[in-house]
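Novice: In this text, residue positions in the sequence shown follow my numbering: the first is 2, and each later residue adds one.
Just so you know, even glycine gets a beta-carbon here, dropped at the ideal spot from N, CA and C.
All values reported here derive from a predicted model rather than from experimental measurement.
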Amino acid sequence: ELKKYLHRSTPEEFEKLERATRGMLKKLLHQPISQLRRYGNGYPGGEERINVLWEMFNLKNSATKWEDSHEE
2 ELKKYLHRST PEEFEKLERA TRGMLKKLLH QPISQLRRYG NGYPGGEERI NVLWEMFNLK
62 NSATKWEDSH EE
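#1: Spatial neighbours of E73 within its chain, please: CB distance less than 8 angstroms, with the 5 preceding and 5 following residues excluded, ordered by chain position.
#2: Buried or exposed, going by whether 16 or more other CB atoms sit within 10 Å of the CB of Y6?
#3: What number of angstroms, rounded off, separates the C-alpha of T11 from the C-alpha of Q36?
#4: Where N39 and H31 are concerned, what is the direct C-alpha to C-alpha distance, given to the nearest angstrom?
#5: Beta-carbon within less than 6 angstroms of G41's beta-carbon, same chain only, minus the 5 sequence neighbours each way: which residues are those?
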């Protein structure tokens with residue numbers, strides 16, 4: 002998406018915009034990613050929650066479900 006603005010800005014401005022965008026995404030995604038890691042490490046009910054996310058984001062069509070991919 003940022004490439005749409007490449008022709009409208011100087012390389013320095015584009016670099017600043019890219020850094021700011023990366024920083025915002027990192028901040029926005031930190032908590033959800035941390036929680037997913039907890040779910041995957043034996044958190045009570047974590048497996049069910051992960052499976053709900055698989056369904057919400059239609060990941061079930063792109064890979065196996067959580068329980069299938071973590072069988073012993």
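Specialist: The relevant details are as follows:
#1: With a pLDDT of only 48 at E73, under 50, the local geometry of the prediction cannot be trusted, and the value read off the model is given with reservation. Only residues of its own chain outside the window of five on either side were considered, and among them none has a CB closer than 8 angstroms to the CB of E73.
#2: Residue environment analysis places Y6 among the exposed positions, since fewer than 16 neighbouring C-beta atoms fall within 10 angstroms of its C-beta.
#3: Here the alpha carbons of Q36 and T11 stand approximately 38 angstroms from one another.
#4: What sits at residue 39 in the sequence shown is Arg, not Asn. One alpha carbon belongs to R39, the other to H31, and they sit about 13 angstroms apart.
#5: Around G41: no qualifying Cβ.
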